[in-house]
Amino acid sequence: MIKVKNNFFKNVYKVVKDVPFGRVTTYGSIAKYIGSPQSSRMVGWALNASHKIQDIPAHRVVNKIGLLSGKHHFEGTNLMQQLLESEGIKINKNQILNFSSIFWDPYFNLPPFKN
DNA sequence: CGGCTGACGTAAC
DNA sequence: TGTTACGCCAGCC
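Take the first sequence: its position 96, counted from the start at 1, is 95 in numbering that gives the first Met the number 0, and no numbers get skipped.
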């Protein structure tokens, strides 16, 4: 009964939920963390599904350059930006400012891929 | 059952 | 330095 399959999504949710307030992470980092460095697209896919599941701070996940690539998938036009700004994150033109400062790396803050 | 798509990232040209 | 192509995996048509 090892059923180690739905981990991908589950791990994504877990990591995203662990992102502290006022911090952001990237699809690639999450993908890398769960063991699929080249499956970053799946991370976004998982987040898309997470929307209908429960409280996943998907707005805290952006692409590697700190661009709100997924903002188009949020309600309205600036919901994602507003959520981030409400956490103290500054954004200009869908680009997170001081991205390096608020970037939260699961590799550095979470145990190495524990299931 | 096969092919396309998708909230990315990296490598190659 | 900018553009193009590919990989990855799951869901959908």
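Virtual Cβ for every residue (Gly too), placed ideally from N, Cα, C.
**Request:** For G65, count neighbouring Cβ atoms within 10 angstroms of its own Cβ and tell me buried if that reaches 16, exposed if not.
**Result:** Mapped onto the first sequence, residue 65 falls at position 66. The residue in question, G65, is buried, as its Cβ has 16 or more Cβ neighbours within 10 Å.
**Item:** Same chain, Cβ closer than 8 Å to Y106, neighbours up to 5 away in sequence not counted
**Value:** Locating residue 106 in the first sequence gives position 107, counting from the first residue. Excluding sequence neighbours, Y106 sits near S28, K31, Y32.
**Item:** Separation of P111 from Q80, as counted between CA atoms
**Value:** For the purposes of this step, residue 80 is identified with residue 81 of the first sequence, where counting begins at 1. For the purposes of this step, residue 111 is identified with residue 112 of the first sequence, where counting begins at 1. When rounded, the distance between both Cα atoms is 30 Å.
**Asked** In its own chain, which residues sit with a C-beta less than 6 Å from the C-beta of N10, not counting the 5 before and 5 after it?
**Response** For the purposes of this step, residue 10 is taken as the residue at position 11 of the first sequence. Excluding residues within five positions, the ones whose Cβ falls inside 6 Å are I33.
**Request:** Report yes if the CB atom of I101 is closer than 8 Å to the CB atom of G43, and no otherwise.
**Result:** Here residue 101 corresponds to residue number 102 of the first sequence, with the count starting at 1. Here residue 43 corresponds to residue number 44 of the first sequence, with the count starting at 1. Result no, Cβ atoms of I101 and G43 do not sit closer than 8 Å.
**Message:** For E84, which residues in the same chain have their Cβ closer than 7 Å to its Cβ, ignoring the five residues on either side in sequence?
**Reply:** Counting from 1 along the first sequence, the entry for residue 84 is found at position 85. For E84, where only same-chain residues beyond five positions count, the Cβ hits under 7 Å are I90.
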